[in-house]
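What follows is a set of notes on a single structure, which appears directly below.
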Amino acid sequence: MNFTAIDFETATAYHPCSVGIVTVENGVIVDEFVTLIKPPNNEYNPFTIRVHGIYPRDTANAKTFIEVFPEIQKRLQNRVVVAHNESFDRNVLSKSMSLYGLDYEDLNIGSRWECTVKIYKSKGLKPTTLSDCCRAMKIQLNHHEALSDARACAKLYLLK
């Protein structure tokens, strides 16, 4: 089983402040990538800070999305992409790319990703938050930490 799991944490709306990416080859995690991302004007919504604990001071000297994008691209291009609540992460990616004049279609990953929320909902699990799914499947999670969330999503997908 070959795929890439991704999780974004956002500062405001679809502007990411962190990304975690986990690459799986033949059912084994072979690469992990995480970085902070400086959102436009380094602006944050107070609600998102309460969710993930990332502050403007943490990203003041971080790379912008366009600077981080080559690392994202090389891990996602032509891959099956998995996310927990995929529409959120897909929108963060596609809207951030658009903001910088990048064409989402160039990634060749399509408009529909694999979604662990939908998978576990179809199995009858309720509720299907990442923390609830991880608890049910006995997967360790530091929720709203991008790499931990992406790793947990990869493990959920492997157990589907």
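Residue numbers for the sequence shown follow the working numbering, beginning at 25 and rising by one.
Quick reminder that beta carbons are idealized off the backbone N, C-alpha and C, glycines included.
Outcome for M121 when other beta-carbon atoms lying within 10 angstroms are tallied against a minimum of 16: One-based indexing of the sequence shown puts residue 121 at position 97. The residue in question, M121, is buried, as its Cβ has 16 or more Cβ neighbours within 10 Å.
When V104, I73 and K87 are compared against V48, the one with the closest alpha-carbon: Translated into the one-based positions of the sequence shown, residue 48 becomes position 24. Of the candidates V104, I73 and K87, the one whose C-alpha sits nearest the C-alpha of V48 is V104.
Residue from C157, I45, L149 and D31 with nearest C-alpha to K98: Reading the sequence shown from its first residue, position 74 is the one you call residue 98. Looking at C157, I45, L149 and D31, the one whose alpha-carbon comes closest to that of K98 is I45.
Given V54 as reference, the closest of P63, Q164, P80 and A29 once Cα atoms are compared: If you number the sequence shown from 1, residue 54 lands on position 30. Comparing Cα positions, the closest option is A29.
7 Å Cβ shell around A37 - same chain, five flanking residues per side excluded: For the purposes of this step, residue 37 is identified with residue 13 of the sequence shown, where counting begins at 1. Same-chain partners within the cutoff: there are none.
Buried versus exposed call for K162 [16 or more other C-beta atoms within 10 Å across all chains shown]: Position 138 of the sequence shown holds residue 162. Answer is exposed; the Cβ neighbour count stays below 16.
Spatial distance of L131 from Q101 (CA atoms): Residue numbering aside, residue 131 sits at position 107 when the sequence shown is read from its first letter. Residue numbering aside, residue 101 sits at position 77 when the sequence shown is read from its first letter. Between L131 and Q101, the alpha-carbon positions lie close to 5 Å from each other.
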